[in-house]
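Okay, so here's the structure we're looking at.
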Amino acid sequence: MKIVAVLGSPKLNGNSAILARRFLDAAQRLGAETQSFTLNELAYQGCQACRACKKTSEVCVLKDDLSGVLNAIQGADVIVFASPVYFGDIAGQMKLLIDRTYSFLTPNFHSDPKTSRLASGKTCVLILTQGLAEAMFADVFSRYEWVMKLLGMETVHLIRACNVVKPGDVSAREDTLKQADALATRIMDENTAHKSSTRE
Ligand SMILES: Cc1cc2nc3c(=O)[nH]c(=O)nc-3n(C[C@H](O)[C@H](O)[C@H](O)COP(=O)(O)O)c2cc1C
């Protein structure tokens with residue numbers, strides 16, 4: 005099973021990256037093949053709304069460092085999007101990537117039942133970290149869950165850490181770290197069960 009993680013924080017050892025790494029490590033121990041991209045190290049543009057991906061091309065025609073990320077997402081079974089909450093939303097680095105996934109939508113996604121070009125059955129894991137309390141910004145997950153479903157993701161999971169202010173604060177959150185381990189185990193188990201049922 006291939007897992008691709010996209011890290012949106014500029015902090016390499018920040019809270020969202022720690023949780024993503026914890027999830028990836030647990031999945032890797034169970035046999036997953038993993039790959040990570042740190043968006044802050046890449047040079048890229050946001051969607052230019054040229055709509056070439058709806059008219060003349062099946063893929064985004066912009067050629068920059070996101071081309072490889074979009075390609076890796078297409079080939080993955082599980083995609084992890086890890087981001088801090090910035091001003092009540094995902095970080096800008098991540099938002100530009102999400103806008104570029106417009107190229108995954110079919111030309112007639114507004115009216116067709118099939119909205120996405122991505123292969124079906126993909127799993128998405130959203131990792132969100134924020135400085136303020138749980139009651140704040142719960143809408144971030146529901147908004148991006150909607151985006152991920154439009155992109156054809158079958159299941160969208162959330163790992164969320166609140167009240168984590170300084171990079172590394174989440175390392176003291178044993179419950180959240182264990183949640184990342186448990187989710188990796190569950191997704192790997194489901195994948196194994198799915199493979200054996202399709203073999204029967
Ligand atoms: C520019 C900026 C904006 C932020 N906006 C919010 C916010 O709206 N709500 C919140 O709870 N925390 C906010 N924070 C705090 C971060 O979400 C928090 O520190 C998070 O754990 C950082 O994750 P990271 O370590 O993965 O970068 C903000 C931090 C920065 C630098």
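Counting from 5, one number per residue, gives the positions in the sequence shown under my numbering. Think of the CB as a built atom: it goes at the ideal place given N, C-alpha and C, for glycine as much as any other residue. Every value quoted in this text rests on a predicted model; they were computed, and no experiment measured them.
Compute every distance between the C-beta of N112 and the non-hydrogen atoms of ligand 1, then say whether any falls below 7 Å. no
Check whether the Cβ atoms of V168 and T133 lie closer than 8 Å to each other. yes
Where does the unbroken beta strand (DSSP E) through S40 begin, and where does it stop? E37 to T42
If you compare alpha carbons, which of A31, A165 and A142 is closest to A186? A31
contact_flag[the segment 103-114, the segment 45-64] where n(CB pairs < 8 Å) is 3 or more: yes
Pick helix, strand or coil for V144, following the three-state DSSP scheme. helix
Given 7 Å as the limit, tell me if G206 has its C-beta closer than that to any heavy atom belonging to ligand 1. Residue 206 lies beyond the range of the chain shown here (5 to 204); nothing can be said about it.
Using three-state DSSP, classify R121 as helix, strand or coil. coil
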